[in-house]
Amino acid sequence: MDTLNNVVPLMAPQLITEMPLVRVQHLYQTYGRVRAVHDVSFDVYPGEVLGIVGESGSGKSTVLRLLNLQEIAKGGIFNLNVPSLQGENLLACDRYRRREVQTQHIGIVYQNPHLGLRMHYTSGGNVAERLLITGERRFKTLRDVAEDSLAVSEFPLDRMDDLPMRLSGGMQQRVQLAKAIALKPQLLLLDEPTTGLDVSVQALVLDTLKRLQQELTVTILIVSHDLGVIRTLADRVMVMRNGEVIEAGLTDQILEDPQAEYTQQLVHAKL
Amino acid sequence: MNVLSVKNYSKRFFIHHLAREISAFANLNFDLSAGQFLLVSGANGVGKSTLLRCLYRSYRPTCGEALYHSQYGVVDLASLADVDMALLRKQEIGFVTQFLRPRPRITALQLVSEPLLLQGLSAEVAQERAERLLDSFGLKTDLWHAYPTTFSGGEQQKVNLARALIRPHRLLLLDEPTASLDVQARASLHRELARLKTEGVAIMGVFHHPEDVQDLLDNSIELVLESVDREVEHDPNLLVK
Amino acid sequence: MSLKELAHPASDYSYAFLDAYAKRELRRRILKGIALPGAQIPYASRELPIARGWGTGGLQATLSLISPHDTVKVIDQGADDSVNAANLRRFITRMSDAKTTTDTLQATLIQSRHRIPEEILTEKQVLILQVPDPEPLRRVQSDMAKSREMHADRDYGQMWLVLYEQLVRFGDYVQGASYPVMVHNRYIMSPSPVPRWDNPKLHQAQHLTILSAGREKRLYAVPPYTNVYPLEFDDVPFRVENQRGWVCVRTGIQNKFMNEIPQADGSSIFEVSDTGYVSKLIQRDANPATGTTYFDDEGSFYHDGYLK
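Residue numbers (this note's numbering), protein chains in the order written: chain A, 1 to 271; chain B, 272 to 512; chain C, 513 to 820.
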């Protein structure tokens, strides 16, 4: 970040009255000798969409996986400002607690739907499972909530009982999305949600995401290597490379006036 | 009351792969009060747009301060935290470019009403105001429920303006808003700007045809490029009338 | 040369065939199972003169509990006289000198394959069920290490998901025998392949139930007066087999679990599966007393409100 002495340094937030929903400090992850994430710190405020941009191997997806508590980080603190989780470092809790937090407060959509869905259960069943885990035992409620969730994701309800493996990529992503938001989590993690989809389908899914974000006022972290996706959805952006945060700022500022050398390369390389 | 008070404001771009610094403007000083209209003029490429973008924080200023009188008190836009800037953009500061960013499957009416819906107004009120604005800018009614991706430049710009002007601002920045507009639309914009002035909105703009807004001007700032960009930074002259 | 001459004298064998260490381990495992209702407890399953898959689990449990003062009943699908039941019974009594009976009310230990008798068991009786597959999660998780974690974390969402899918696809729960149950609101357990009819008998029972799988080397237990509920949704209740109107050809009674025997002409006749109970009814004149049954003659379960 040494080139950022070419601009007026920014102060700490002073106007915004809410506390950040997500506070990550000194996140650190290695796989053997590979330093996947190194000293990453950031805050996300309620209702914000934070984009994480970077090329393959930048560590962006690792950050998401760590925040989803599906991997144990080698170091760092992750707090969610939610009444039942006050002051708790979620990276340090046990397996049972991790699953609890994951289910109730976090939703995730993976690039590859096979990671996020049970392909041999119905789409509605995939969504209903979230409620079943938290103890919902009324079949009608399961159907109703699954329907509502799928509807918000703009999934055609007449295919609710179809298996995901019989659906198109875009529809599979919608099922993932419905599953992720079924319990109205505070934090939604999107890992390249539209990568690999047809361009027209991409646009539609992005549109759904934008609508959803406005309707549900959920806080979103979206990882993408596609700057167009980031521009459409993100309020602020973090640029990552080799596990580190190179630069962060308002989306239009990062894309139009990148300060760091790497960010300039990244932005100018996009067609 | 000064809505905006800019001191010693400079912008230099550092292009890494050229190892060059390009200066856009330097040491600007000016004030803007509520209800005032400040025109930014100068030759093409001299940095007018850059100035607006710096104020809006689409660019990061290199040095100086831009003291802004927000509803929360006076803050320096140059050093304001990103989340605070996002908050002000959402609530008080507007920026109108010459391009619309249409989104797939969103109709013109929906695009225009969106800022009001985000503020929590009802769909009926939002739609009614959106319709009024689109009508005043002269967008044909049969286009209201169409997707702007298919519109002409001028039609898109009408949607753009309507969307930008539908909610009240404290500070409004306009970057060549009339570029693709027909005469009627330009006149509508003039009317809107005049109305906003009476409501106390501070306005700053770059206009391709300054004569469109000549009678609304209270002040203007002219950026002048003295010489060609060099490796060393330089100071463009500035004249404040 | 007779078999008796060839075989070792009984005195050469450890009491009840298993050595003292084996019995001790089994008893300790059973105690642990009682302490953790419904939790599967691994044990070192011993070699027996009966092959795996033929009741060695139940047999080991019986042999570790039996004494010469016990009276043991062994049934297979409700029948005392099946070949397997007869073999097991003979082996048990030969090795333990315990008495045998076909009368449920007289037995202190009842070893059974896939049925629970119709007459209510008391605090003085122990039911030992033979289990082929102790793991109710196998259909959703084939990896045993992962299923153990699921039990430890009470991570049973997928089991409920399976039920949801069944309702969506078929409109009803489809599991017939081995219908999974929730024990003491903690562990999901397979009740062994007893028919649905027998599931309710485990709930708040007066007797101790031990379930043991010899081939899989796991046992588990339901202590007396423990809550055992079949997995169901609040608005779609679990139901036992619908055998309304079925009349036993041998006794003329209804509302006890019956075997359906297809006839050559395509019709079926029915007979009560619990042969011990049937023979008591038939010999009513010789006065063997029949006990109160779990399901009365109208088919109502003895715990009110348990079956909706």
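C-beta atoms are modelled at their ideal positions from N, C-alpha and C, and glycine is treated no differently.
Taken atom to atom, the span from the alpha-carbon of D144 (chain A) to that of S168 (chain A) is near 23 Å.
The bridge partners DSSP lists for Y31 (chain A) are A:V34.
Sequence-distant partners of S304 (chain B) (beyond 5 residues in either direction) whose C-beta falls short of 7 Å from its own C-beta, in its chain, are M272, N273, V274, A473. Judged by pairs of C-beta atoms under 8 Å, the region 377-393 of chain B does not touch the region 329-344 of chain B, as fewer than three such pairs exist. Note: G107 (chain A) is bridge-paired with A:L188 in the DSSP secondary-structure output.
Between F745 (chain C) and chain A, the shortest Cβ-Cβ separation is below 7 Å. Counting along the chain, no beta strand (DSSP E) covers A182 (chain A), and no H or E run does either. Judged by DSSP secondary structure, M240 (chain A) falls within the beta strand (DSSP E) whose first and last residues are 236-241. Assigned with DSSP and collapsed to three states, P774 (chain C) falls in strand. A314 (chain B): not part of any beta strand (DSSP E); DSSP gives it neither H nor E. The count of Cβ pairs closer than 8 Å, one atom from the region 725-744 of chain C and one from the region 551-571 of chain C, reaches three, so the stretches are in contact. If you check each beta-carbon in the region 63-97 of chain A against every beta-carbon of chain C, the ones closer than 8 Å belong to R95, Y96. Only residues of its own chain outside the window of five on either side were considered, and among them E18, L21, T219 have a CB closer than 7 Å to the CB of P46 (chain A), listed in chain order.
Of B:R441, B:L322, B:P481, B:G313, the smallest CA-CA separation from Q307 (chain B) is found for B:R441. Within the region 676-692 of chain C, Y676, E677, L679, V680 place their CB atoms closer than 7 Å to a CB of chain A, listed in sequence order.
D592 (chain C) is positioned such that its CB atom lies no closer than 7 Å to that of T616 (chain C). Contact annotation: the region 102-120 of chain A does not touch the region 648-666 of chain C, with fewer than three C-beta pairs closer than 8 Å.
Counted as a single uninterrupted DSSP element, the stretch harbouring V354 (chain B) is not any beta strand (DSSP E) but the alpha helix (DSSP H) occupying residues 353-362.
In this structure, V223 (chain A) and S61 (chain A) form a Cβ contact; the two beta carbons are roughly 6 Å apart against a cut-off of 8 Å.
Sorting C:Q678, C:Q718, C:S791, C:G757 by C-alpha distance to the C-alpha of F750 (chain C) places C:Q678 at the top.
Shown here, G75 (chain A) sits in a strand according to DSSP, grouped into three states.
Taking 7 Å as the upper bound on Cβ-Cβ separation, chain A lies near residues F745, D746, D747, V748 of the region 716-748 of chain C. Taking C-beta atoms as the reference points, N79 (chain A) and I108 (chain A) fail to come closer than 7 Å. At least one beta carbon of chain C lies nearer than 7 Å to the beta carbon of T122 (chain A). In this model, D39 (chain A) and G76 (chain A) are separated by some 8 Å (Cα to Cα). One Cα belongs to K611 (chain C), the other to P705 (chain C), and the distance between them is close to 27 Å.
Close partners of I220 (chain A) in chain C (Cβ separation under 8 Å) are lacking, with about 25 Å as the shortest Cβ gap. Interface annotation for the region 241-261 of chain A against chain B: G249, L250, D252, Q253, E256, D257, Q259, E261, criterion Cβ-Cβ distance under 7 Å. Under the three-state reduction of DSSP output, E18 (chain A) falls in the coil class, being neither helix nor strand. Taken atom to atom, the span from the alpha-carbon of V311 (chain B) to that of L216 (chain A) is near 41 Å.
Remark: C-beta atoms of P419 (chain B) and P373 (chain B) approach each other more closely than 7 Å.
For I181 (chain A), not one C-beta of chain C is nearer than 7 Å to its own C-beta.
D302 (chain B) is bridged by DSSP to B:S276. The three-state secondary structure of P648 (chain C), taken from DSSP, is helix. By the Cβ test, the region 282-295 of chain B is not in contact with the region 344-360 of chain B, since fewer than three Cβ pairs between them sit closer than 8 Å. In this structure, L452 (chain B) places its C-beta atom within 7 Å of the C-beta atom of Q428 (chain B).
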